[in-house]
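First the structure, in the form of structure tokens, and then the observations on it.
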Amino acid sequence: MQQSAITLTQLQQWLPEVCRIALNAGLEISRMYRDNRELAVEHKKDGTPVTEVDRYADNLIFQALQKLTPDIPLVTEESVSRFPFEERRHWPIFWLVDPLDGTKEFIAGTGEYSVNIALIVEHHPVLGVVFGPEVGTLYYALREEACAYKLPLDIYQQDMDNLNMGDLLSAAEPIEAARLSEEEVTKVAVSRRHGGRTQQFMAELGSNETVKMGSALKTCLVAEGKAHVYPRFGPTSLWDTAASQAILEAAGGAVLNAAGHPLEYVQTPTLLNPFFISVCQKDYPWPAIPEVM
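Below, the structure is given as structure tokens:
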């Protein structure tokens, strides 16, 4: 499938179903989260943790997206090894999925994890869905529509087998990134574990306060105006950022690399992002971003 084959009408048709897929996966993850049973935690080669819940949710989303769009390939965090780089590098369009973003938060019991699903067309996220089951919020956007949405949602109060997505999404409210003056106190979204580079960035910002959150929900906080910036100066992969970037861009913000350009989603052997900042506005004088990982 080529880029010209993807129309706004198709994206509008797919979006409710992608939201449904995220909600279904989120419900299953949440049930396991609330079960309080001991989880077997393994560590991948890069040192990041993975659980049976990650793999279960990955498979659920993988199968559902294949059914929805059988001609569009998928890259998911737990299944990327199925597709060698030499095959992936030629995909102009693909789904990019993190079935359980914030595995550390999931294991720690903070509830600050999310399900992230994005559609990439020619290196850019054009559709994004982020669902935080425990924070009870669904975020979604089509970048071309230049409008992002937030839906407070308790999935345990929904009949998931008979859910009318049109009715459900009609209750969503549009969100917009804040505008920031240099006199304002800057609200900085940070994880519960952040290092010296982030501290230096915050010091250069001047007056600021922190908003602590896990996973892609930090960028979503910027999209809805509850934070102004989220600096990330540690390792992340493409699936960590794509969905929330689509949402933030539709809300008027940006996700920028050290050169001041939006992150792009180019297939590489490692699938790693550079350092970046998620910002409420591109034209604000943000401190410099470190260039090296």
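Residue numbers (the numbering used here): 13 to 305. Even for Gly, the Cβ is constructed at its ideal location relative to N, Cα and C.
Query raised in the report: When the Cα atoms are used, what is the spatial distance from residue 87 to residue 135?
Result: In a straight line, the C-alpha of residue 87 is about 13 Å away from that of residue 135.
Query raised in the report: Within this structure, are the beta carbons of residue 254 and residue 140 separated by less than 9 Å?
Result: Yes, the pair counts as a contact, with Cβ atoms nearer than the cut-off.
Query raised in the report: Taking all protein chains shown into account, do 16 or more other C-beta atoms lie within 10 angstroms of the C-beta of residue 16, making it buried, or fewer, making it exposed?
Result: Legend: pLDDT at residue 16 = 46, less than 50; position of this residue unreliable, value from coordinates given subsequently. Answer is exposed; the Cβ neighbour count stays below 16.
Requested in this report: For the beta strand (DSSP E) containing residue 290, list its first residue and its last residue.
Outcome: Its beta strand (DSSP E) spans residues 288-291.
Query raised in the report: Can you tell me whether DSSP reads residue 151 as helix, strand or coil?
Result: Strand, per DSSP.
Query - Own chain, CB closer than 8 Å to residue 281, minus 5 neighbours either side, in chain order - result: Taking residue 281 as the centre and dropping the five residues before and after it, the same chain places the C-beta of 97 closer than 8 Å to its C-beta, in chain order.
Report task. Helix, strand or coil for residue 88, going by three-state DSSP, please let me know. Result -> DSSP places residue 88 in strand when its eight states are reduced to three.
Requested in this report: State yes or no: is the C-beta of residue 231 within less than 9 Å of the C-beta of residue 200?
Outcome: Cβ atoms of residue 231 and residue 200: not closer than 9 Å.
**Report entry** Coil, strand or helix - residue 185 by DSSP
**Finding:** DSSP places residue 185 in strand when its eight states are reduced to three.
Query raised in the report: With 16 other CB atoms within 10 Å as the buried threshold, where does residue 273 fall?
Result: So residue 273 ends up on the exposed side.
Query - Rounded distance between the beta-carbons of residue 258 and residue 147, thought under 8 Å - result: Going by Cβ atoms, the distance from residue 147 to residue 258 rounds to 19 Å, so no, they are not a contact pair.
**Report entry** the segment 159-167 / the segment 204-215 touching (three or more Cβ pairs under 8 Å)
**Finding:** No, they do not touch.
**Report entry** Beta-carbon contacts of residue 143 that lie in its chain and below 7 Å, excluding the five residues immediately before and after
**Finding:** So the list reads 34, 35, 38, 126, 127 and 150, once near-sequence residues are dropped.
**Report entry** DSSP-derived helix/strand/coil call for residue 247
**Finding:** Note: residue 247 maps to coil in three-state DSSP.
**Report entry** residue 116 versus 74, 75, 198 and 66, residue with shortest Cα-Cα distance
**Finding:** Among 74, 75, 198 and 66, the Cα nearest to that of residue 116 belongs to 66.
Report task. Tell me, please, whether the segment 162-169 touches the segment 210-220 by the rule of three or more beta-carbon pairs shorter than 8 Å. Result -> Contact fails: fewer than three Cβ-Cβ distances are below 8 Å.
**Report entry** Under 9 Å between C-beta atoms of residue 275 and residue 240
**Finding:** No, these two residues do not count as a Cβ contact at 9 Å.
Query raised in the report: Just the Cα atoms here: how many angstroms apart are residue 13 and residue 83?
Result: Any reading at residue 13 needs caution, since the residue's pLDDT is 45, under 50, leaving its predicted position unreliable; the model's value is listed next. Between the alpha carbons of residue 13 and residue 83 lies a distance of about 7 Å.
**Report entry** For residue 198, the three-state DSSP class (helix, strand or coil)
**Finding:** Strand, per DSSP.
Query raised in the report: For residue 47, which residues from the same chain have a beta carbon less than 6 Å from its beta carbon, with the 5 sequence-adjacent residues on both sides left out?
Result: Excluding positions up to five away in sequence, the list is empty.
**Report entry** 4-residue-minimum alpha helix (DSSP H) runs that sit fully inside the segment 55-142, ordered along the chain
**Finding:** As summarised for the segment 55-142, the continuous alpha helix (DSSP H) elements at least 4 residues long and confined to that stretch are 64-80, 97-100 and 115-120, given in chain order.
Query raised in the report: What are the boundary residues of the alpha helix (DSSP H) that residue 164 is part of?
Result: Residue 164 -> not in any alpha helix (DSSP H); beta strand (DSSP E) instead, spanning 159-164.
Report task. Return the bridge partner residues of residue 222 from the DSSP annotation. Result -> Per DSSP, 200.
Query raised in the report: What does a CB cutoff of less than 7 Å around residue 307 pick up in its chain, not counting 5 residues either side in sequence?
Result: Outside the modelled stretch of the chain, which goes from 13 to 305, sits residue 307, for which no answer is possible.
Query raised in the report: DSSP three-state call for residue 266: helix, strand or coil?
Result: Correct three-state label for residue 266: strand.
Report task. Taking residue 205 as part of the alpha helix (DSSP H), name the residues at either end of that continuous run. Result -> From DSSP, residue 205 is part of no alpha helix (DSSP H); its letter is neither H nor E.
Query raised in the report: Since residue 26 is in the alpha helix (DSSP H), which residue starts that stretch and which ends it?
Result: Note, residue 26: alpha helix (DSSP H), 20-47.
Query raised in the report: DSSP three-state call for residue 14: helix, strand or coil?
Result: Here residue 14 scores only 44 on pLDDT, less than 50, and its place in the model should not be relied on; the value that follows carries that caveat. Annotated three-state conformation of residue 14 is coil, per DSSP.
**Report entry** residue 168 classed as buried or exposed, judged by whether at least 16 other C-beta atoms fall within 10 angstroms
**Finding:** Exposed: under 16 other Cβ atoms inside 10 Å.
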